[in-house]
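Student: One structure coming up, written as structure tokens, with questions to follow.
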Ligand SMILES: [Zn+2]
């Protein structure tokens, strides 16, 4: 049995009640008509595949049916935090690399982190997402 | 005043209504009920079920005015009115389930719409889409423990709580109106399956079924 904390139901619920919906914090371009094919293709099809911290969109499909975000480690599968739509993660690849402790989480030494979960990527979508 | 058109989906004329459990033949199983049952199963058919959606603050005012109870804002909360016949349950941050006695749903919906006026909200009468099954008896919790991954220990699931969760291989709303009873709100298409699951799961504790008579 494996439990996930739903930030809306405010309790841990069985994993069977949830579905994963891919990478989080992907902002839809404000003006799709003004996009180049490359930009639009990027938005539609291209996703990060980091070794390490990954911010993901999940849905509590059988419970409150709300979407929310999970920060997950793709090597250990550990869920580091869950947070509501419109909120930003407190744990990122950079914050771990800087040695900031969040709860009982610490950066693995030498871990390869990609840009997918970077502060810059998060900052670039700030305000743009629902 | 809202400009939404409404119609009474359950007219007072002599139109036959069928509960989602009409095909399950509870009356037949009731005749083979255990003498000293550990679990008693009873359907409460034809209740009025309304889904309320909108902001908690706006809905709270209307619900207090019309039903005389405040909207449960806490996740998983279930509240009843003074005589225990009407309930409101938190389903999600902007969604509540109201269950009222048979025949009250239409007038309640109208009064809520009048109270809410032009506010941003939605009310849907889902009475025909689901039914309520009640479990009681000293072994009722053990039947639930076999049926859902949700923790039904009294410490974790006190009276006045309700959750939408997995039941068997289907989904259901599981609620605990008081210390002695559990309620399952079942979708029409899952009702027969869940009923048969309960009969099978309850067999070993001595099961009594009470049929509603129609
Ligand atoms: Zn939830």
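Residue numbers (the working numbering), protein chains in the order written: chain A, 331 to 460; chain B, 44 to 257.
Where is the CB? At the ideal position from N, CA and C, for every residue including glycine.
Give me the residue from B:89, B:133, B:75 and B:64 with the minimum Cα distance to residue 249 of chain B.
Tutor: B:75
Student: Nearest-angstrom Cα distance between residue 138 of chain B and residue 178 of chain B?
Tutor: 25 Å
Student: For residue 395 of chain A, return the contacting residues in chain B, with the cut-off set at a CB-CB distance below 7 Å.
Tutor: Neighbours of residue 395 of chain A on chain B, chain order: 135.
Student: Any heavy atom of ligand 1 within a distance shorter than 8 Å of the CB on residue 396 of chain A?
Tutor: yes
Student: Mind checking if residue 392 of chain A is an interface residue toward chain B, Cβ cutoff 9 Å exclusive?
Tutor: yes
Student: Assuming residue 148 of chain B and residue 168 of chain B are in contact, meaning their beta carbons sit under 8 Å apart, how far apart are those beta carbons, in whole angstroms?
Tutor: 5 Å
Student: Does residue 258 of chain B get closer than 9 Å to chain A when you measure Cβ to Cβ?
Tutor: Examination of residue 258 of chain B is not possible in this model, given that chain B is present from 44 through 257 alone.
Student: Per DSSP, what kind of secondary structure is residue 128 of chain B in: helix, strand or coil?
Tutor: coil
Student: Any idea what DSSP makes of residue 438 of chain A, helix, strand or coil?
Tutor: Model confidence at residue 438 of chain A stands at a pLDDT of 44, short of 50, so the residue's coordinates are unreliable; what they give is reported in the following sentence. In the structure shown, residue 438 of chain A sits in coil (DSSP, three-state: anything other than H, G, I, E or B).
Student: Under 7 Å between beta-carbons, which chain A residues line up against residue 174 of chain B? List them in chain order, please.
Tutor: Residues of chain A passing the Cβ test: none, with the nearest at roughly 19 Å.
Student: For residue 188 of chain B, collect the residues of the same chain with a Cβ closer than 7 Å to its Cβ; drop the 5 residues on either side in sequence, then sort them by chain order.
Tutor: 195
Student: Identify every residue that forms a DSSP beta bridge with residue 204 of chain B.
Tutor: DSSP output for residue 204 of chain B lists B:120 and B:219 as bridge partner(s).
Student: Just to confirm, does residue 390 of chain A get its C-beta within under 8 Å of one of the non-hydrogen atoms of ligand 1?
Tutor: yes
Student: Identify the continuous alpha helix (DSSP H) that holds residue 413 of chain A and give its terminal residues.
Tutor: Segment 409-414 is the beta strand (DSSP E) holding residue 413 of chain A; no alpha helix (DSSP H) there.
Student: Considering only residues of the same chain and omitting the five flanking positions on each side of residue 252 of chain B, which have a CB-CB separation below 7 Å?
Tutor: 69, 72, 73, 76 and 84
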